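K.L.:
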Amino acid sequence: MQYHRPVLIQEQKMKLSPQLFQTMQLMALPIQELKLKIAEEVENNPALEAIEHSTTISLDDISKKSIEPDDYSEESFPSGGAVWEQDFTSGALSHSDNNSDTKRMFMEGALSRPKSLQEYLLEQLLVQPVKKNILEIGKLLIQNLNEDGFNIEKIDVLTKGFIPADIDEAVSLVRMLDPPGTCTDSFKEALIVQAKIDNNAPSYTIEIIEKYFELLEKEKYREIAKKLEISERKVLNALNYIKTLNPFPGRQFSTETTIYVIPDLMITAVNDEIVIRLNKEEIPVLKINRDFSDLHKNKSKLPDKSARQFVGSKIREAEAFISNIYLRNQTLLKTAKAIVHFQEDFFLKGPKFLTPLVIKDISELVGVHETTISRISNRKYVQTDWGIYELRYFFSTALSRTNSKEEMVSSVSVKHIIKEIIEEKKAKKRLSDQNITDILKEEKGINIARRTVAKYRKELDIAPSFER
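Mapping of the sequence shown onto this note's numbering: residues 1 to 468, in sequence order.
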């Protein structure tokens with residue numbers, strides 16, 4: 001498949017201005033939340049107008065100053081993919097889709113799932129009686145969490161430009177929300193946070209987690225007691241309490257509330273060519289309100305300076321918002337295209353062929369910072385021929401094969417192989433983790449430790465051999 005390198009989007013090194021914060025926020029929003037954000041913006045800004053059933057976004061003169069030329073041509077999307085056509089002389093962006101059933105296809109691919117950890121935390125955050133800055137930092141922190149509830153990017157990098165005291169307050173606030181212990185960097189830190197906010201935590205619990213957790217895992221209670229100069233019973237009390245804590249607060253999150261996941265993208269194989277479609281059907285078409293535009297052009301109609309400033313500021317805000325929506329969509333599309341470049345075998349052959357890939361690989365190809373790829377990939381779903389996956393699914397660590405030092409296989413692929421091995425052998429034999437380890441090495445050329453097999457088996461929600 002021919003791959004056209006995207007136009008680079010260079011991130012500016014600047015303080016976190018309101019427009020930059022809006023750009024970051026929109027990058028992080030999945031399509032359902034983006035629709036709500038657009039509705040909120042249209043309600044608050046009279047210069048911004050949404051047209052539900054139009055094929056044109058009026059950008060006035062924005063295209064000449066804010067939007068880069070789009071390099072996604074018909075050749076980039078073979079076999080009937082969505083084609084983007086731009087007319088910069090008229091300042092309009094039109095969308096031509098060769099498949100009239102695109103919306104139906106996306107809706108048929110919608111998944112029903114429990115409310116996400118981020119959504120659950122955001123609901124709690126927004127009702128907290130704190131100042132606006134704390135809420136804004138809190139939103140960034142929550143959107144930065146992985147499925148375990150841990151930070152994806154370092155907090156100091158994510159919150160650069162905010163007041164340190166506000167950052168500390170926001171971090172403490174998010175960590176105390178339900179489930180407690182999120183916004184941390186590791187399971188040990190999550191346990192420590194939970195113990196710190198619990199007044200009933202036994203004495204020495206935090207010190208044992210911080211300094212002697214490895215000894216605790218090895219059941220060397222007497223050694224811990226000796227080092228702390230306390231009784232072994234106190235160590236056991238702390239141990240029993242630690243067992244009640246949740247080392248992965250995000251992983252166990254669940255709720256009865258159900259919402260629908262609508263894919264932001266569709267990536268399918270058509271005649272051995274990969275077609276990428278951006279789901280534009282769910283996003284309202286935006287334009288500048290004509291009355292406001294006329295007033296801005298004919299300032300003499302306005303009564304005073306404050307009215308002129310109001311109209312001008314609202315138009316600038318509307319222009320920036322439309323431009324940021326465009327940037328979000330283009331970055332998502334370019335990220336998807338870069339993923340296809342690396343993961344072509346997956347889309348043509350299936351999950352077993354997922355190759356090792358890290359965020360840095362994509363950021364270098366797209367030409368943006370790694371944090372941008374992290375935001376644009378988080379909570380975005382893609383519909384494929386093999387099912388619906390979160391975009392982050394395609395980032396996977398590498399494991400080496402025993403028969404080739406250069407050939408690598410992704411950890412996700414290994415999980416699929418383990419699942420297949422168990423399914424194939426279950427009628428004849430209940431395989432232990434060691435049995436699976438041996439089969440992987442001898443038949444698949446994949447050399448991993450037994451404990452890694454056990455870890456992957458648990459992540460696949462497959463019981464151990466004696467329970468199967």
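Where is the CB? At the ideal position from N, CA and C, for every residue including glycine. All figures in this text were calculated on a predicted structure; none of them were measured in a lab.
Under the rule that 16 or more other beta-carbon atoms within 10 Å means buried, what is Gly250, buried or exposed?
P.N.:
Stepping through the sequence shown from its first residue, residue 250 is reached at position 250. The residue in question, Gly250, is buried, as its Cβ has 16 or more Cβ neighbours within 10 Å.
K.L.:
Please look up how many angstroms separate the CB atoms of Pro202 and Ile38, rounded, as I've assumed it's under 8 Å.
P.N.:
Locating residue 202 in the sequence shown gives position 202, where the first residue counts as 1. Locating residue 38 in the sequence shown gives position 38, where the first residue counts as 1. Incorrect: roughly 50 Å between the Cβ atoms, too far for contact.
K.L.:
Which residue comes first and which comes last in the beta strand (DSSP E) that contains Leu286?
P.N.:
For the purposes of this step, residue 286 is taken as the residue at position 286 of the sequence shown. First-last of the beta strand (DSSP E) with Leu286: Val285 to Ile288.
K.L.:
Mind the definition here: the region 177–196 touches the region 121–137 only if three or more C-beta pairs lie below 8 Å; say whether that holds.
P.N.:
With the cut-off at 8 Å, the region 177–196 and the region 121–137 touch.
K.L.:
Would you identify the three-state DSSP class for Thr384, choosing helix, strand or coil?
P.N.:
Position 384 of the sequence shown, counted from the first residue, corresponds to residue 384. Correct three-state label for Thr384: strand.
K.L.:
Between Asp148 and Thr268, is the Cβ-Cβ spacing less than 8 Å?
P.N.:
Within the sequence shown, numbered from 1, the residue matching residue 148 stands at position 148. Within the sequence shown, numbered from 1, the residue matching residue 268 stands at position 268. Result no, Cβ atoms of Asp148 and Thr268 do not sit closer than 8 Å.
K.L.:
Would DSSP call Ser96 helix, strand or coil?
P.N.:
Reading the sequence shown from its first residue, position 96 is the one you call residue 96. The predicted position of Ser96 is uncertain, since its pLDDT is 37 and thus under 50; a value taken from the coordinates is nonetheless stated next. Correct three-state label for Ser96: strand.
K.L.:
Under 7 Å Cβ to Cβ from Leu216, same chain only, skipping five residues before and after it: list those, please.
P.N.:
Position 216 of the sequence shown, counted from the start, is the residue given in the question as residue 216. Within the same chain, Leu216 has close Cβ partners Ile208, Ile224 and Leu239.
K.L.:
Have a look at Ile31 and Arg233 and give me their C-alpha separation to the nearest angstrom.
P.N.:
Position 31 of the sequence shown, counting from 1, holds the residue named residue 31. Position 233 of the sequence shown, counting from 1, holds the residue named residue 233. Those two C-alpha atoms are separated by around 53 Å.
K.L.:
Which residue marks the beginning of the beta strand (DSSP E) containing Glu49, and which one marks its end?
P.N.:
The residue you call residue 49 lines up with position 49 of the sequence shown. Residues Leu48 to Ile51.
K.L.:
Residues bridged to Ile267 by DSSP?
P.N.:
Position 267 of the sequence shown, counted from the first residue, corresponds to residue 267. Looking at the DSSP assignment, Ile267 forms a beta bridge with Ile276.
K.L.:
What does the Cβ neighbour count give for Gln252, buried or exposed, with the cut at 16 atoms within 10 Å?
P.N.:
Start at 1 with the first residue of the sequence shown, and residue 252 comes out as number 252. Exposed, since its Cβ has fewer than 16 Cβ neighbours within 10 Å.
K.L.:
What number of angstroms, rounded off, separates the C-alpha of Asp361 from the C-alpha of Tyr456?
P.N.:
The residue you call residue 361 lines up with position 361 of the sequence shown. The residue you call residue 456 lines up with position 456 of the sequence shown. Roughly 24 Å separates the two Cα atoms.
K.L.:
If you run the structure through DSSP and keep just helix, strand and coil, what is Ser172?
P.N.:
Working through the sequence shown from its first residue, we reach residue 172 at position 172. Here Ser172 sits in helix by DSSP.
K.L.:
Inspect the beta-carbon positions of Ala195 and Leu236 and report whether they are closer than 8 Å.
P.N.:
One-based indexing of the sequence shown puts residue 195 at position 195. One-based indexing of the sequence shown puts residue 236 at position 236. For Ala195 and Leu236, no; Cβs fall outside 8 Å.
K.L.:
Given that a residue counts as buried once 16 or more other Cβ atoms are within 10 Å of its Cβ, and exposed if not, what is Ile134?
P.N.:
Position 134 of the sequence shown holds residue 134. Ile134 comes out buried.
K.L.:
Compute the beta-carbon to beta-carbon distance between Phe347 and Val358, rounded to the nearest angstrom, for a pair I have assumed lies under 8 Å.
P.N.:
Looking up residue 347 in the sequence shown gives position 347. Looking up residue 358 in the sequence shown gives position 358. Not really, about 19 Å apart at Cβ, beyond 8 Å.
K.L.:
What do you get for Ile325, buried or exposed, if any count of 16 or more other CB atoms within 10 angstroms of its CB means buried?
P.N.:
Within the sequence shown, residue 325 is the residue found at index 325, counting from 1. Buried: at least 16 other Cβ atoms inside 10 Å.
K.L.:
Let me know the secondary structure DSSP gives Ser396 once reduced to three states.
P.N.:
Numbered from 1 along the sequence shown, position 396 holds the residue referred to as residue 396. Of the three classes helix, strand and coil, the one that applies to Ser396 here is strand, per DSSP.
K.L.:
Counting Cβ pairs closer than 8 Å, one from the region 271–283 and one from the region 39–51, do we hit at least three?
P.N.:
Touching, no, given that fewer than three Cβ pairs across the two stretches are closer than 8 Å.
K.L.:
Measuring alpha carbon to alpha carbon, tell me which of Phe248, Glu219 and Lys218 ends up nearest Asn151.
P.N.:
By one-based count along the sequence shown, residue 151 stands at place 151. Taking only the C-alpha atoms, the option nearest Asn151 is Phe248.
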